[in-house]
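**Q**
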Amino acid sequence: MAHAISPGKPDAIDFLQIDGMLSAEERLLRDTVRQFVADQVTPHVDDWFNDGVFPKDLVKTMGDMGLLGMHLEGYGCAGTSAVAYGLACTELEAGDSGVRSFVSVQGSLAMYPIWAFGSEEQKQEWLPGMASGDLIGCFGLTEPDSGSDPGSMRTNAKRDGDDWILNGTKMWITNGSIADVAIVWAGTDDGIRGFIVPTNTPGFTANKIEKKLSLRASVTSELVMDNVRLPSFAVLPNVAGLKGPLSCLNEARFGILFGAVGAARACYETALTYAKERVQFDKPIGSFQLTQRKLVEMMVGVNQGMLLAMHLGRKRDAGTLSAEHVNFGKLVNVRMALDVAREARGVLGANGITLEYPVIRHMNNLESVYTYEGTNEIHTLVLGQAITGISAFA
Amino acid sequence: MNIAVCVKQIPDPATPYELDDENHWIIRPEDQVLDDTDRSGVEVALQLAEATEGTVTLYSMSPSGTLQGIRQALAMGADAAVLIDDPALKGADALTTARVLAAAMQQEGFDLVIAGTESTDGYSGIMPQMMSEILDVPCLSFARKVDAGDGSVTIERQTSDGFDVVEAPIPALITVTAGIEPRYPTFKGIMQAKSKPVTTLTSADLGITNTVHQVIRSVEPVAARTAGEIIEDDGEAYLRIIEVLEQAKVV
Ligand SMILES: Cc1cc2nc3c(=O)[nH]c(=O)nc-3n(C[C@H](O)[C@H](O)[C@H](O)COP(=O)(O)OP(=O)(O)OC[C@H]3O[C@@H](n4cnc5c(N)ncnc54)[C@H](O)[C@@H]3O)c2cc1C
Ligand SMILES: Cc1cc2nc3c(=O)[nH]c(=O)nc-3n(C[C@H](O)[C@H](O)[C@H](O)COP(=O)(O)OP(=O)(O)OC[C@H]3O[C@@H](n4cnc5c(N)ncnc54)[C@H](O)[C@@H]3O)c2cc1C
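In order, the protein sequence lines correspond to chains A and B.
Quick note, the first sequence lines up with residues 3 to 396 if you use the working numbering.
Quick note, the second sequence lines up with residues 11 to 261 if you use the working numbering.
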């Protein structure tokens, strides 16, 4: 028999009481990251964004906490559950998408391929230093003329005796100019392979992309490889073909589908507080039906997004998550977050365009999140193919 | 060095506290958090333990049986915890709390006791001093820095205009200020926390009876703030401002 409807009043933020789905351990981990963000990110992030600087000082603290490569096992990594990784991303991105991007790239795009496809020597050499934050990694897949269609990449690696010679240009590479090591994907005679490239190798240069209006507290760069000579053991031995980089992207997207909810939550919380305090026409603007509708839509979006993220997280920990589920999550939650951010921006009136409030920063950041890790359109096409059996990519 | 740290689990300070109409105690939800000031105590203990290859044991009197705050301190790196969980201790006053914690520490053994200066929910600020009296050890209060010596401890005692350097032989008790920046729990620590030993005791296990002394007869709301004094500046207003600040003992 069903229980009677309980009389308790739901919380304005965690309306669906999703907190109750978390174990004590998951809550402690979530609260730890939330505290870190409140102490170390929120008080300064408007300046980082304004000045276009990434807070490199935080990397070591993040490493000490275990945030870097946290869901990987061994080699100095914390080895948490997938849900724990997701919750950490939610809290980081409630601070700033740029900080979450750093963690995604380090853990899921740079450490993960070494962990999953590397030799034992490669893992020993790189992973402990990357987990501790002593070494920063980046992931080079996208090129100036190859974005949604990575199979069209021009970067190539050719054998020269036992060595490899790498040539090409990678574009929009997060952490590029601050990285100690780059995972570069390049065409070879055996298809696309991944290379571990120390960034001090002769012929390798990283140029920071200035003048962006999104993810300003994150470094984005161009990587130029001009006859970069690498030893034979620089290649990741255990993967060939596009499934190498694509499996990394799935790892990162999993974090993003949680992370976007954090950015949305921060915008909704800000708008809710603002609407209750801001008085126009002798009333708080939150008392107008139009505003209430906006707030309710935001609340619904954030809660549905978290519910979806938790569902996918639990599936992953149970071993039943498929790649298409990740596409679903990235598509839906980032779109939701961008909608929430834009609506919240409006509720804040003119204050909504300043960095005094987090909203326009999140809104602008989410434009990148919407595009990277597979654009909204590409995820739609993947799902379209999944349900019709027909590919509409080309 | 065997270090005992007092950790209090309190209702989340971010949510408004409510008092029980009958006994005027704070209504304690099932979920409580580690008192922020105790995070500094745990930090100091961990640093001293690292420097002396010692151990850190947490002591918490928590009649509601909650473990969340203790887990947080274990996740920071403490080795073990002793929880005194007994319904008879609900509403215990500072002296009862001091007796209970001191008895538990005496039973388990210690070289150094660390506590916060005052709790965030009760803020009596006298419990640690009572404990040091019961334990018959010197009390070094308001430490903003602690160093372990050979058979002794030295602290910088925060004062209103600087600090005193104070030294005592161990065993001793130290209260630490919130000025000591606590570390974040590590994720590995969080995952290990649930397998660390937590001993649960009752007051009877410690031979303590007659546990509740203090009765709160009534609670009055804080008087509403009255309007401030407006000082017209006739060129001499600064004199009155200095006077006010001096009366308030802020300069
Ligand atoms: C801040 C930032 C950081 C980034 N970090 C990294 C990184 O660390 N490493 C990395 O490798 N890359 C990174 N990227 C690159 C990112 O992954 C690409 O921008 C993304 O894959 C899209 O590629 P593109 O920009 O070339 O757009 P394009 O592929 O040119 O797409 C342009 C538009 O066309 C649409 N489109 C393309 N094909 C189709 C189709 N078949 N049907 C319908 N519509 C289509 C797209 O959806 C999009 O709207 C980053 C990007 C940004 C903005
Ligand atoms: C870059 C910039 C330049 C500007 N330049 C000028 C200038 O030169 N001169 C000048 O005088 N002003 C200027 N403004 C101010 C601008 O006109 C105001 O921002 C605008 O009128 C909105 O007022 P507000 O920001 O106080 O928002 P609010 O009035 O507080 O509105 C906040 C939110 O509440 C909503 N809201 C308010 N009332 C109701 C209601 N009754 N029912 C439903 N929703 C409601 C609004 O639609 C909005 O979403 C400028 C603003 C900006 C951003």
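C-beta atoms are modelled at their ideal positions from N, C-alpha and C, and glycine is treated no differently.
With respect to 7 Å, is the separation between the Cβ of residue 282 of chain A and the closest non-hydrogen atom of ligand 2 below this value?
**A** Checking every heavy atom of ligand 2 against the Cβ of residue 282 of chain A, one is found closer than 7 Å.
**Q** Between which two residues does the beta strand (DSSP E) carrying residue 424 of chain A extend?
**A** Only positions 3 to 396 of chain A appear in the structure, and residue 424 of chain A is not among them; the question remains open.
**Q** Helix, strand or coil for residue 19 of chain A, going by three-state DSSP, please let me know.
**A** Of the three classes helix, strand and coil, the one that applies to residue 19 of chain A here is coil, per DSSP.
**Q** Taking a cut of 7 Å between CB atoms, which residues from the segment 62 to 92 of chain B lie near chain A?
**A** Listed by position along the chain: 78, 81, 82 and 85.
**Q** Rounded to whole angstroms, what's the CA-CA distance from residue 153 of chain B to residue 352 of chain A? Just pull it up for me.
**A** Whole-angstrom Cα-Cα distance: 47 Å.
**Q** With DSSP as the reference, please indicate the residues paired to residue 187 of chain A in a beta bridge.
**A** Beta-bridge pairing links residue 187 of chain A to A/196.
**Q** Return the residues of the segment 193 to 227 of chain B that lie within a Cβ-Cβ distance of less than 9 Å from chain A, sorted by chain order.
**A** Per Cβ criterion, the list reads 193, 194, 195, 196, 197, 198, 199, 200, 201, 203 and 204.
**Q** What does DSSP give as the partner residues of residue 69 of chain B in its beta bridges?
**A** Residue 69 of chain B pairs with B/16 and B/92.
**Q** Where does residue 209 of chain A sit, in a helix, a strand or coil, going by DSSP?
**A** Here residue 209 of chain A sits in strand by DSSP.
**Q** With a cut-off of 8 Å on the beta carbons, I'd call residue 68 of chain B and residue 17 of chain B a contact; round off their distance for me.
**A** About 5 Å; that satisfies the 8 Å criterion.
**Q** Taking the continuous alpha helix (DSSP H) assigned at residue 222 of chain A, which residues delimit it?
**A** Here residue 222 of chain A belongs to no alpha helix (DSSP H); instead the beta strand (DSSP E) covers 222 to 232.
**Q** Taking contact to mean at least 3 C-beta pairs separated by less than 8 Å, is the segment 125 to 136 of chain A in contact with the segment 98 to 107 of chain A?
**A** Flag = no, the segment 125 to 136 of chain A and the segment 98 to 107 of chain A do not touch.
**Q** Looking at residue 236 of chain A: is its Cβ nearer than 8 Å to the Cβ of residue 197 of chain A?
**A** Cβ atoms of residue 236 of chain A and residue 197 of chain A: closer than 8 Å.
**Q** My guess is that residue 19 of chain B and residue 103 of chain B are in contact by the Cβ rule of under 8 Å, so how many angstroms apart are they, rounded?
**A** No, residue 19 of chain B and residue 103 of chain B are not in contact; Cβ-Cβ is about 17 Å, not under 8 Å.
**Q** On the criterion of 16 or more Cβ atoms from any shown chain inside 10 Å, does residue 3 of chain A qualify as buried, or is it exposed?
**A** Exposed.
**Q** Checking the sheet assignment: what are the DSSP bridge partners for residue 124 of chain A?
**A** Looking at the DSSP assignment, residue 124 of chain A forms no beta bridge with any residue, so it has no partner.
**Q** Suppose the cutoff is 8 Å on Cβ atoms and the five residues either side in sequence are ignored; what does the same chain contact list for residue 386 of chain A look like?
**A** Correct list, in chain order: 392 and 394.
**Q** Can you find a C-beta in chain B that's less than 8 Å from the C-beta of residue 38 of chain A?
**A** Yes, contact with chain B.
**Q** At a Cβ threshold of 8 Å, is residue 139 of chain A touching chain E?
**A** No chain E appears in the structure shown, which is made up of the protein chains A and B.
**Q** On the premise that residue 56 of chain B lies in contact with residue 267 of chain B, defined as a C-beta separation below 8 Å, what is that separation, rounded to the nearest angstrom?
**A** This structure cannot settle anything about residue 267 of chain B, because the visible part of chain B is limited to 11 through 261.
**Q** Going by DSSP, what residues sit across from residue 256 of chain A in a beta bridge?
**A** DSSP lists no partner for residue 256 of chain A.
**Q** Have a look at residue 350 of chain A and residue 344 of chain A and give me their C-alpha separation to the nearest angstrom.
**A** Roughly 10 Å between the two C-alpha positions.
**Q** May I ask you to check if the CB of residue 149 of chain A is nearer than 7 Å to at least one heavy atom of ligand 1?
**A** Yes - ligand 1 has a heavy atom lying nearer than 7 Å to the Cβ of residue 149 of chain A.
**Q** Return the chain-ordered list of same chain residues with a C-beta closer than 7 Å to the C-beta of residue 271 of chain A, the five sequence neighbours on each side being excluded.
**A** Only 15 meet the Cβ criterion.
**Q** Tell me, to the nearest whole angstrom, how far the beta carbon of residue 327 of chain A is from that of residue 314 of chain A; I am working on the premise that it is less than 8 Å.
**A** Yes, residue 327 of chain A and residue 314 of chain A are in contact; Cβ-Cβ is about 6 Å, under 8 Å.
**Q** I think residue 66 of chain B touches residue 190 of chain B, with their Cβ atoms under 8 Å apart; what is that distance to the nearest whole Å?
**A** With a Cβ gap of about 15 Å, residue 66 of chain B and residue 190 of chain B do not count as contacting.
**Q** What does a CB cutoff of less than 6 Å around residue 175 of chain A pick up in its chain, not counting 5 residues either side in sequence?
**A** Excluding positions up to five away in sequence, the list reads 140, 142, 223 and 225.
**Q** Contact between the segment 157 to 174 of chain B and the segment 33 to 51 of chain B is defined here as three or more beta-carbon pairs at a separation below 8 Å; is this criterion met?
**A** Output reads no: the segment 33 to 51 of chain B does not touch the segment 157 to 174 of chain B.
**Q** Does the beta-carbon of residue 248 of chain B have 16 or more other beta-carbons within 10 angstroms, so that it is buried, or is it exposed?
**A** So residue 248 of chain B counts as exposed.
**Q** Please decide whether residue 163 of chain A counts as near chain B, where near means a Cβ-Cβ distance under 8 Å.
**A** No, no contact with chain B.
**Q** Below 8 Å on the Cβ atoms is my guess for residue 180 of chain B versus residue 161 of chain B; work out the distance and round it to an integer in Å.
**A** Right, their Cβ atoms sit about 6 Å apart.
**Q** Rounded to the nearest angstrom, how far is the Cβ of residue 227 of chain A from that of residue 168 of chain A, given a contact under 8 Å?
**A** Indeed they touch by this definition, with Cβ atoms about 5 Å apart.
**Q** Output the distance between the C-alpha atoms of residue 5 of chain A and residue 91 of chain A, rounded to the nearest integer angstrom.
**A** Computed Cα separation, rounded: 35 Å.
**Q** So, does the segment 371 to 378 of chain A touch the segment 324 to 343 of chain A, judging by three or more C-beta pairs under 8 Å?
**A** Yes: at least three Cβ pairs fall under 8 Å.
**Q** If I follow the unbroken alpha helix (DSSP H) through residue 154 of chain B, where does it start and stop?
**A** Looking at the DSSP string, residue 154 of chain B is not in any alpha helix (DSSP H); the run it does join, the beta strand (DSSP E), is 149 to 158.
**Q** Starting from the beta carbon of residue 26 of chain A, find every residue of chain B whose beta carbon is closer than 7 Å, and list them in chain order.
**A** Those are 78 and 81, listed as they occur along chain B.
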